[in-house]
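The structure under discussion appears below in the form of structure tokens.
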Amino acid sequence: MRALFITTSSDELASGHPTGLWVEEFAVPYMAARKAGIDVVVASPKGGAVPLDAKSAPSDRETERWAPALAALRKSVPLESVRDESFEAIFIPGGHGPMVDLAHDQVLHDLVSRHDAEGKLIAAVCHGPAALVYAQRANGAPFFAGRRATGFTNTEERMAGLHDEVPFLLEDVMKAKGADFHSALLPMLSHVEHDGNLLTGQNPRSSDAIATAMVDALTKRTAPV
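Here full-length UniProt numbering is used: the first residue of the sequence shown is 1, the next is one more, and so on.
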């Protein structure tokens, strides 16, 4: 069983504000997947070392616990190199980076459309759903149209102080693309939505929940009858 984790290659917003991958949102699902025996391929638009958001730098304890995940982030493969491969799941972690590059990456959109048409699991957390807002389903409809989903909310963006820095507000665009958008009652609480083969998490605190849900979904799909 294989999963493709697609990360950003962008280290800054258009304004010059530094960004990158939010480490926890990658490391927790990566470690959970590996523990479950799932092979993980890490890809990014440019390949190589993935830029990390300095605000998400792991503690010494996390650095030790997440060592395999952090090592994988130093050697991602170019996304183009896996465009014709098949995976049981595609997972997109956040940080603001995906809003810059993944949102407009046609290779990613093609991969997502093909895997979605095959009923494969598509998962994203926090700003990861930004990679899907301009993607389409096989029938040409917006990827999120009619699907229950979540992502980093407008309120959370304001709390992060980047409301005026980001290229778009994720909640607004997801809704504009037809998402049935839901979130936790209070900002910055864990919240996950699972609709068919789509799995989304709201924010960094959703990392554990989406990791568990993703592994559970994949395990059930491959369990013997």
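We put the beta carbon where it would ideally sit given N, CA and C, even for glycine.
- Within 10 angstroms of the beta-carbon of Lys177 lie 16 or more other beta-carbons, which makes it buried.
- For Val133, no alpha helix (DSSP H) encloses it, and the DSSP letter there is neither H nor E.
- Scanning Gly161, Pro98, His182 and Thr155 for the CA closest to the CA of Met188 turns up Thr155.
- Non-local C-beta neighbours of Ala103 in its own chain, meaning closer than 7 Å and more than five positions away in sequence, comprise Ala130, Ala131, Val133 and Tyr134, ordered along the chain.
- The three-state reading of DSSP puts Ser207 in helix, counting H, G and I together.
- Assigned with DSSP and collapsed to three states, Arg147 falls in coil, not helix or strand.
- The alpha-carbon of Gly119 is positioned some 22 Å away from that of Thr7.
- Distance from the Cα of Arg205 is smallest, within the candidate group Gly47, Leu13, Gly95 and Asp84, for Gly95.
- Sequence-distant partners of Ala69 (beyond 5 residues in either direction) whose C-beta falls short of 7 Å from its own C-beta, in its chain, are Phe26, Ala27, Tyr30 and Met31.
- Contact annotation: Asp116 and Asn203 have beta-carbon atoms that are not nearer than 9 Å.
- Per the coordinates, the alpha-carbon of Ala71 lies some 10 Å from the alpha-carbon of Val50.
- Residue pairing by DSSP places Ala43 opposite Ile6 and Val77 in a beta bridge.
- According to DSSP, Thr200 shares a beta bridge with Ala124 and Glu193.
- With fewer than 16 neighbouring CB atoms inside 10 Å of its own CB, Leu185 falls in the exposed class.
- The shortest CA-to-CA distance from Val23 to any of Glu88, Pro58, Arg148 and Val112 is the one to Pro58.
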